[in-house]
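K.L.:
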Amino acid sequence: MTRAALYLRVSTKEQSTENQESVLLDWAKRRGFDVVKIYSEEESAWKAGHQRALAQLVSDSRKGRFDVVLVWALDRLSREGALRILTIIDRLKQCGVRVISYQESWTEAPGELAELLYALTAWVARMESERRSERTKAGLQRAMKEGKPVGKRGPDKKKRKKRAPKMALFSGVE
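Position in the sequence shown (first residue = 1) + 47 = the numbering used here.
1. Apart from the five residues on each side of it in sequence, which residues of its chain come closer than 6 Å, Cβ to Cβ, to P212?
2. Taking the alpha-carbon of Q98 as reference, which of K140, K184 and E127 has the nearest alpha-carbon?
3. Might you give, ordered along the chain, the residues of its own chain that have their beta carbon closer than 6 Å to the beta carbon of R145, omitting 5 neighbours on each side?
4. How is the alpha helix (DSSP H) around V105 delimited, first residue to last?
5. Check the C-beta distance from R112 over to R56 and give it rounded, since I have them as a contact under 8 Å.
6. Give every residue of the same chain whose Cβ lies closer than 8 Å to the Cβ of Y149, excluding the five residues on either side of it in the sequence, and list them in chain order.
7. Measure the beta-carbon distance from K84 to D107 and round it to whole angstroms, keeping in mind my assumption that it falls under 8 Å.
Structure, rendered in structure tokens:
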């Protein structure tokens with residue numbers, strides 16, 4: 048039986064991975080996969096190095112704990128573009144682990160066609176994320192021009208540590 052891991056990710060704590068999990072568990076069952084571990088996180092895919100569950104998944108793949116990783120969509124892995132997604136997939140492939148996407152059935156295509164489609168999908172994910180960011184910034188600028196409140200409402204009640212002044216990197220060196 049094929050051993051599978053699920054990788055679930057949402058961008059914020061206000062979102063839930065429940066929809067991804069239930070669909071992927073059902074999909075794995077229909078395919079006869081044995082789900083051995085679920086990796087789940089609430090973390091932006093723009094912040095490389097912050098996705099601890101993804102790092103653990105890669106580490107576990109080196110130990111041969113599963114044969115395949117099921118994801119809802121490739122953009123769950125990263126939104127940093129083609130190179131980042133291809134790097135993750137290649138790292139898993141080197142460990143003998145395939146990545147299969149529920150939304151992108153072509154991820155099971157053989158050979159170079161799959162590599163081309165991975166790159167294209169990663170590029171689209173990055174562009175979509177950038178456009179969303181641009182729309183948000185434009186909306187904030189419009190609201191500011193119209194005199195509408197932008198950002199936090201009310202006083203900042205969070206206690207913050209005072210920082211020491213930054214020292215010059217080469218202080219005293221001429």
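Here a beta-carbon is modelled for each residue, glycine too, at the ideal position from N, C-alpha and C.
P.N.:
So, from the data block:
1. Note that P212 scores 42 on pLDDT, short of 50, meaning its location in the model is unreliable and no value can be drawn from it.
2. When only C-alpha atoms are compared, the closest one is E127.
3. Result list for R145: V115, in chain order.
4. Taken as a continuous stretch (DSSP letters only), the alpha helix (DSSP H) holding V105 covers R99 to R109.
5. With a Cβ gap of about 19 Å, R112 and R56 do not count as contacting.
6. In chain order, V70, L71, W74, L117, V118, W119 and A120 place their CB closer than 8 Å to the CB of Y149, counting only its own chain and leaving out the 5 sequence neighbours on each side.
7. The beta carbons of K84 and D107 sit about 7 Å from each other, so the pair counts as a contact at 8 Å.
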